[in-house]
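J.:
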Amino acid sequence: MEDLYRETIIDHYKNPQYRGRLDPHDIYFEDDNPLCGDHIEITLRIDGDGKVADGRFDGKGCAISQASADLLIESIIGKPLEEVKKLSKQDILDMLGIELGPVRLKCALLSLKVLKAGVYGLGEASDELVE
Amino acid sequence: MEDLYRETIIDHYKNPQYRGRLDPHDIYFEDDNPLCGDHIEITLRIDGDGKVADGRFDGKGCAISQASADLLIESIIGKPLEEVKKLSKQDILDMLGIELGPVRLKCALLSLKVLKAGVYGLGEASDELVE
Amino acid sequence: MSLDLPRIRRDFPILSREIRPGVPLVYLDSTATTQKPLSVLQAMEDFYRRSNANIHRGVHTLAEEATALYEQARSKVARFINAPGAAQVIFTRNATESINLVAYTWGRANLAKGDLVILTEMEHHSNLVPWHMLAAERGVDLAFVPVTPDGLLDLDVYRSLLARAPKLAAFTHMSNVLGTINPVGEMTRLAHEAGALVLVDGAQSVPHLPVDVQALDVDFLAFSAHKMLGPTGIGALYGRKSLLEQMPPFLGGGDMIKTVHLTGFTPNSIPHKFEAGTSAIAEAVGFGAAVDYLAEIGMDAVAAHEQEIIAYALERLEEIPGLKVFGPPAEKKGGVAAFTLEGVHPHDVAQILDGSGVAVRAGHHCAQPLHEKFDIPATTRASFYLYSIKEEVDKLVEGLYQVKKLFG
Amino acid sequence: MSLDLPRIRRDFPILSREIRPGVPLVYLDSTATTQKPLSVLQAMEDFYRRSNANIHRGVHTLAEEATALYEQARSKVARFINAPGAAQVIFTRNATESINLVAYTWGRANLAKGDLVILTEMEHHSNLVPWHMLAAERGVDLAFVPVTPDGLLDLDVYRSLLARAPKLAAFTHMSNVLGTINPVGEMTRLAHEAGALVLVDGAQSVPHLPVDVQALDVDFLAFSAHKMLGPTGIGALYGRKSLLEQMPPFLGGGDMIKTVHLTGFTPNSIPHKFEAGTSAIAEAVGFGAAVDYLAEIGMDAVAAHEQEIIAYALERLEEIPGLKVFGPPAEKKGGVAAFTLEGVHPHDVAQILDGSGVAVRAGHHCAQPLHEKFDIPATTRASFYLYSIKEEVDKLVEGLYQVKKLFG
Ligand SMILES: Cc1ncc(COP(=O)(O)O)c(C=O)c1O
Ligand SMILES: Cc1ncc(COP(=O)(O)O)c(C=O)c1O
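Sequences listed follow chains A, B, C and D, in order. For the first sequence, the numbering used here gives the first residue as 118, with consecutive numbering after it. For the second sequence, the numbering used here gives the first residue as 118, with consecutive numbering after it. For the third sequence, the numbering used here gives the first residue as 81, with consecutive numbering after it. For the fourth sequence, the numbering used here gives the first residue as 81, with consecutive numbering after it.
#1: Express the C-alpha separation of V291/C and G378/C in angstroms, rounding to a whole number.
#2: Within 7 Å of any Cβ in chain C, is that where the Cβ of V231/B sits?
#3: Could you list the residues in the segment 406–434 of chain D with a C-beta less than 7 Å from some C-beta on chain B, going in chain order?
#4: Out of S349/D, F406/D, H451/D, L397/D, state which residue places its alpha-carbon closest to the alpha-carbon of E245/A.
#5: Leaving out five residues before and five after L309/C in sequence, what residues of the same chain have Cβ atoms less than 7 Å from its Cβ?
#6: Output yes if chain C places a C-beta closer than 7 Å to the C-beta of Y150/D; else output no.
#7: In angstroms, rounded to a whole number, what distance separates the CA positions of L324/D and Q168/D?
#8: For V103/C, which beta-bridge partners are listed by DSSP?
#9: Tell me which same chain residues have a C-beta within less than 7 Å of the C-beta of G313/D, skipping the five on either side of it?
#10: What residues from chain C crowd round N174/D, counting only those whose CB sits closer than 7 Å?
#11: For a contact defined as C-beta to C-beta under 7 Å, what are the partners of K321/D on chain A?
#12: Any residues in the segment 442–463 of chain C with a beta carbon nearer than 9 Å to a beta carbon of chain A? Which ones, in chain order?
#13: Less than 6 Å between the CB of G334/D and some heavy atom of ligand 3, yes or no?
#14: Near R269/D, what residues of its chain come up, given a Cβ to Cβ distance below 8 Å and the 5 sequence neighbours on each side ignored?
#15: Whose Cβ in chain C lies nearer than 9 Å to the Cβ of G195/B?
#16: Among Y130/B, G195/B, D148/B, which has the Cα closest to the Cα of R162/B?
#17: Give the single residue among I400/D, A383/D, K413/D, Q448/D whose Cα lies nearest to the Cα of Y467/D.
#18: Give the single residue among G214/B, G235/B, I209/B, V236/B whose Cα lies nearest to the Cα of K223/B.
#19: For chain C, find out if any of its Cβ atoms is closer than 7 Å to the Cβ of R218/D; answer yes or no.
#20: If we cut at 7 Å on Cβ distances, does G218/B have a partner in chain C?
#21: At which residue ranges does the segment 265–310 of chain C contain complete alpha helix (DSSP H) runs of 4 or more residues, listed in the order of the chain?
#22: Quick check: does the Cβ of G357/C come within less than 6 Å of any heavy atom belonging to ligand 1?
#23: What in chain B is Cβ-close to L486/D, meaning under 8 Å?
#24: Using beta-carbon positions only, say whether G315/C and S96/C come within less than 7 Å of one another.
#25: Report the residues of the segment 224–241 of chain C with a CB closer than 7 Å to any CB of chain D, ordered along the chain.
#26: Does any C-beta atom of chain A lie closer than 7 Å to the C-beta of A144/D?
#27: Does E119/A have its Cβ less than 7 Å from a Cβ in chain D?
#28: Which of helix, strand or coil does DSSP assign to T147/C?
#29: Once DSSP output is grouped into helix, strand and coil, what is the label at H341/C?
#30: Is V477/D closer than 7 Å to Y392/D when the C-beta atoms are compared?
#31: From this set, R136/A, K202/A, Y237/A, which residue's C-alpha is nearest S185/A's C-alpha?
#32: Between M118/B and the rest of its own chain, which residues show a CB-CB distance below 7 Å, the 5 nearest in sequence each way excluded?
#33: Please say whether F419/D and L394/D have beta carbons closer to each other than 7 Å?
#34: Straight-line CA distance for L181/C to A430/C?
#35: Run through the DSSP bridge pairs and tell me what N150/B is partnered with.
#36: If you run the structure through DSSP and keep just helix, strand and coil, what is L505/D?
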């Protein structure tokens, strides 16, 4: 149990560093996981070189969905969008440092899905973005 | 195998005593078992006392359906109709002297079903007649 | 009348499993699906090892044995719910298919635009979506009996809906979230007086309570084997004989026909009319063994045991600060406790409990409208069965305190 | 490439059963259903003893294990028929339900009065009655490709029917009576050129031949686990992705939805959209073990073995005076020999053979129109699988000589 809910997760859940909303912003997207009510919204500012200047997430849901959103934003600030597009499921799992079953995986990947849909400028987020 | 196809069955199948059709007749009925193509027709003459004066069956199908029809007609000649109405599944099985699974039971009971539907003057033969 | 629990628990091999080395399983998810006793596994294994054959059309010994075993299972299930005849029990895949069967056959033959079907706010998706589909296709109207804050059906509204001359009232006997046991006998009497037929979703009641279709006088009853010690892949629909006989067939194929020609077919008599293609034969045999097991223990004893467990569970759970159990008090419910824990998402609760071997479910439990009613996205649900013991409730409570500590 | 038969037969416990003391089983009814190897029984038993839980929504360890096992089984079945993706394999109860699913969803969404569906005279009732029902309900027209006296489809008539712009051609890959293996690839190409979709009844081909849905380019393929070493209670429908995605859902209930409100629902993505309620979970696990077993032996080797057996069987059967086997010569058929014996009803043949332990089927084998075509009420059918051996053919032939003696 302790390894599943590693301190980082509880910590980022309880004390998120990047919770909020950037206004104005260059990129915005939101989506939810209807099965459990998880909801994530992401706003980003992009600098002149196409890099992420700043980012925030907002939302509600389980510790895994919220903590992974916070970790994700933390990890992309300063990165070029081209690099953000390449982020994969495995990157998220590495950040969380835990193993997850199929149901919780959806919680963990919600923020990545939202991020990618925003960065690609899609109308709808799809599970294929995070395969 | 020998006990299943006891001599009586093969014998009554190959050399039926009551195959044919009575004309004129007082009672007539026919029906078939669509699953295997068995077909039985029965004609009876009734005397003034309400007894079976004579009877015949005709039809085609497996040895069990044809032999049991022959045995059945043999057993009812001279009997009052009231007694014929009381004939049961068990009476047929006793005549055949063999055990039968559910599929072959239908073959064995086809003639009794036809007989009872005729004697009761029904429009349609039903499985409930031979329960 | 109290159960011999050590003996019962020995009948269920999975209950001695360790989830991880040193962490024994505490299975509190029987509302989702139940564990299987050895006798059920053995019956199916024996079937495959000795008698496996296709049924109904075969003359050879195996086919006859298989047919007899399959039809015996039907008789056992019929006796278990006190159906007047075995032909009134149709084997389906699950309770969901049973309800769909009625919606597709009786529903499409008898319901037209503007006809009313009464449902309730506590229905499982299985007793909502088939009617949504019919509503969209045919313009059938749906009305919902509300759930009161304490988790009961509002019977005044039910009565007033009945005054609108509905064709059907379809409701659950026991809620899989609130645990509420609805007054099916009374509700059926009222519906019949109003000229409506009654379909009861018995997915949670048949496994946990004595259910007598003749005493309750219901027209249809749907349930699943896997929720009552039996295998997956099989369920049942009980129906009133005259209704089943009039209903058009559902799926077309082998066994459900009397004759087939290139130009058309004539349907078989019940129950076969509704069983197209090769049935779940081994599963029926397992289902029969499951009702044997339950009947031997006695459904009164099963229900009494669950009453004891749920009363204890509610008492222990309600002592936890920030924990809220949904549904009525123990006397009015079966062995289900769905709850929220302040500040912690149900998924996190369930996952942390899993860390100590405690298996509970988190989510909307296929009753999303009910959760919307209570304005929560999800609950954590612990549920009990005849093999559940108080020590398991204690482990649950212990686990919940750990959750609180972690998130504190 | 020839099979290690003693080893294979040891994998099937039922094959060493004695029907009566001293009378070993000679199982020649695999077209009706097949026997199960130990690995399949073991996989299901293990599931129930270790991992049994409901799937898809669970957070606890058992639920995750069960979900993974269920979805792995889907992937195995998908790979077995070379489906491009596992999401294109929908688990159903059996081939019959698979065909009904297409008729109810694709059929009712796409077929209107006067639209033409092409079937054949050799179809199993499962691929006739669903279309009869649609014809009666919607006024869809059905046309039948005739069977030639030697048991082949008349492809000239097929071509001329295709000229009438049918919406669908639905036909069997292999006849369960004649054994005929139809040229599915060619027939599909012709149908697609004519703008029709193709549904293939693979109930007899998937178990016995290498079947590659991408090479054959079919739109739908239906088959049953119990006919390919797997358990009863589960089958599959393969469908082209774009079609499955467009089709409306079939049964409504849990798992097939994305969201449910009192006012309506949104369906889930494929394959879940078509799997309502608790699935046949243990059966899927067994199905996966069955395709593992077949894949390990190799379907080319299975087909080659059956070719050898059927060639031998036809040779031996045709030497019996008064015996007539229906269907094409061995090279054009699978391991099925349906025959008549002059002067003896097929039921009597089957029952007398049963006396010496030989299990064959008698009747119309759910292909009544085909029997009407040949003007016979029934046939006796012996059928073979990977565990069948020549000695069993010899026992059949011996038994048939005894039948002739008895009735002589
Ligand atoms: C050619 C064919 N199609 C369909 C079926 C139906 O299979 P099931 O009864 O498993 O649905 C069978 C089984 O007999 C068959 O042989
Ligand atoms: C009340 C209720 N109805 C229906 C169902 C559906 O049962 P199944 O998934 O076995 O069809 C369930 C199972 O969760 C249930 O609890």
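Cβ atoms here follow ideal geometry from the backbone N, Cα and C, with glycine treated the same way.
T.: Taking the coordinates as given:
#1: 12 Å
#2: no
#3: H425, H427, D428, Q431, I432
#4: S349/D
#5: T114, K116, P117, V120, A370, Y373, L374
#6: no
#7: 8 Å
#8: R100/C
#9: R173, A360, E363
#10: G357, T358
#11: Those do not exist, as K321/D stays about 13 Å from chain A at its closest Cβ, beyond 7 Å.
#12: A442, G443, H444, Q448, H451, I456, P457, A458
#13: For the structure depicted, ligand 3 is absent and the ligand set comprises only ligand 1 and ligand 2.
#14: D297
#15: Going along chain C, no residue has its Cβ under 9 Å from G195/B, so there is no contact; the nearest lies around 35 Å.
#16: G195/B
#17: A383/D
#18: I209/B
#19: no
#20: yes
#21: 293–296
#22: yes
#23: Y122, I127
#24: no
#25: F224
#26: The question names Ala, but residue 144/D in the sequence shown is Glu. For E144/D, the answer is yes, since a Cβ of chain A falls inside 7 Å of its Cβ.
#27: Per-residue confidence for E119/A stands at a pLDDT of 48, beneath the threshold of 50, marking its modelled position as unreliable; the derived number appears in the next sentence. It does not: the Cβ of E119/A has no partner Cβ on chain D nearer than 7 Å.
#28: helix
#29: strand
#30: no
#31: R136/A
#32: Since pLDDT at M118/B reaches only 45, below the 50 mark, its modelled position is unreliable, and the value read off the structure follows with that caveat. So the list is empty, once near-sequence residues are dropped.
#33: no
#34: 34 Å
#35: D155/B
#36: This structure cannot settle anything about residue 505/D, because the visible part of chain D is limited to 81 through 488.
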